[in-house]
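Beneath this line is the structure, given in structure tokens, with notes to follow.
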Amino acid sequence: MKSIYYSFIVPVYNRPDEIEKLLLSISQLNYEGAFEVVIIEDGSENTCKTVCSRFRESVNINYLFKSNSGPGDSRNYGMKKANGDYFIILDSDCILPESYLNHVDRFLKKKFVDCYGGPDAAAESFSDLQKAINYSMTSFFTTGGLRGGSEALGKFQPRSFNMGLSKKAFIVTNGFSKIHPGEDPDLTIRLWKNNFETALISKAYVYHERRISWFLFYKQVNKFGMVRVILNKWHPETKKLTYWFPTLFIMGLFFSIGLLFIGQYWLILFYAIYFLLIFIESSIRNGLIVGFKSIIACIVQFYGYGTGFLLSWYKINMKKVPERTAFPNLFFK
0 MKSIYYSFIV
10 PVYNRPDEIE
20 KLLLSISQLN
30 YEGAFEVVII
40 EDGSENTCKT
50 VCSRFRESVN
60 INYLFKSNSG
70 PGDSRNYGMK
80 KANGDYFIIL
90 DSDCILPESY
100 LNHVDRFLKK
110 KFVDCYGGPD
120 AAAESFSDLQ
130 KAINYSMTSF
140 FTTGGLRGGS
150 EALGKFQPRS
160 FNMGLSKKAF
170 IVTNGFSKIH
180 PGEDPDLTIR
190 LWKNNFETAL
200 ISKAYVYHER
210 RISWFLFYKQ
220 VNKFGMVRVI
230 LNKWHPETKK
240 LTYWFPTLFI
250 MGLFFSIGLL
260 FIGQYWLILF
270 YAIYFLLIFI
280 ESSIRNGLIV
290 GFKSIIACIV
300 QFYGYGTGFL
310 LSWYKINMKK
320 VPERTAFPNL
330 FFK
């Protein structure tokens, strides 16, 4: 197989500090082939142009500025301007291990796929909160390995914080849609419909910092729940009963707490065992403080996603409200 010319595609909005960390990690990649980095400034007031200029001697950077239209449209814009035949899409708050591109290149030369995804990991320097949220978003006990923690899932759905896409697949699908979040699973489903394969490259992980607080984490997963119902409407063949799990989990938790007032403890024991498993696994990985915070992160994740999913299901499936009318904040113009 001939060598692949890679283009990193990175949209950014008012985050020059994040771009500096990302470019520093890219400059330290031990990959010997040629590649480029396309930075798409999505209408930022606090731009990263100066940061990019400082790395031009060590990294081949193509800096683009455009009006604000959201991350999906910005990625599309960057891919149209890029010179590569394979695009690697990253979030601006990611940091790459030095061997990242070697793992990608080795995998694609052995078994080429038109779209891949890689996991996210927590670096040692991350805060306890970041580590707890990372655990909650990636653990088999909480997401079933949906974001790259498990390979036993059948078809893998790449996520746009760490995603590869061939130029051919981009041209056929026209890239990302205007919804956000949810533009990445929507693209993956359309790729499958066009007979493109996806794969998990487990060794191609990134350190995903996530500019996050408990409140921002709640808002993020709440939107994930809302979006899932919309995706089920657009792609009904992808519906699964498991998407109801966070909603049922939270309803059961509240019900189990209510049972305590009448002396019934059997249901709360189930939740206690579940939270104990999370605490033990996360503590082994990250320490006791992160283990405790991982329980909180799990509850926030399930509550945010579950309530968002239920509200969206009611508006879209019961009241028949058009998705852009029901949730205008989930769409860019």
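Using numbering that gives the first Met the number 0, you'd call the opening residue of the sequence shown number 0 and step up by one each time. Cβ coordinates follow ideal geometry from the N, Cα and C atoms, glycine included.
The segment 96-143 is shown to contain whole alpha helix (DSSP H) runs of 4 or more residues at 99-109, 127-137, 139-142, in chain order.
For residue 65, the three-state secondary structure derived from DSSP is strand. Judged by DSSP in its simplified three-state form, residue 44 adopts coil rather than helix or strand. When the Cα atoms are used, residue 33 and residue 92 turn out to be separated by approximately 23 Å. Between residue 301 and residue 57, the alpha-carbon positions lie close to 43 Å from each other. The beta carbon of residue 65 sits closer than 8 Å to the beta carbons of 39, 40, 41, 42, 73, 76 from its chain, once the five residues preceding and following it are set aside; these are given in chain order. Close CB contacts of residue 200 within its chain, under the 7 Å cut and outside five residues either way in sequence, are with 102, 103, 106, 115, 117 (chain order). Annotation for residue 58: no beta strand (DSSP E) segment contains it, and DSSP assigns it neither H nor E. DSSP places residue 260 in no beta strand (DSSP E); its state is neither H nor E. When DSSP states are grouped into helix, strand and coil, residue 13 belongs to the coil group. A contact between stretches requires three or more CB pairs, one per stretch, nearer than 8 Å, and the segment 116-135 fails this requirement with the segment 44-58. Check the Cα spacing between residue 50 and each of 61, 16, 69, 80: the tightest is with 16. For the options 20, 97, 37, 67, the alpha carbon positioned closest to that of residue 12 is the one of 67. Inter-residue distance for residue 166 and residue 79 is about 9 Å (C-alpha atoms, whole angstroms).
In the three-state reduction of the DSSP assignment, residue 175 falls in the coil class.
Residues of the same chain with a CB within less than 6 Å of the CB of residue 10, apart from the 5 flanking positions on each side, are 39, 41, 70, 73, 74 in chain order.
The segment 303-319 makes contact with the segment 229-243; the number of CB pairs closer than 8 Å reaches 3 or more.
Shown here for residue 183: same chain residues with a beta carbon closer than 6 Å to its own, the five before and five after excluded, namely 158, 159 in chain order.
Between residue 82 and residue 35, the C-beta spacing is below 7 Å.
Residue 328 is classed as exposed because its beta carbon has fewer than 16 other beta carbons within 10 Å across all chains shown. With a cutoff of 7 Å on beta-carbon distance, residue 292 and residue 127 are scored as near each other. Straight through space, the alpha carbons of residue 22 and residue 181 are spaced by roughly 26 Å.
Between the C-alpha atoms of residue 267 and residue 90 there is a straight-line separation of about 39 Å. Under the three-state reduction of DSSP output, residue 6 falls in the strand class. One alpha carbon belongs to residue 280, the other to residue 304, and they sit about 22 Å apart.
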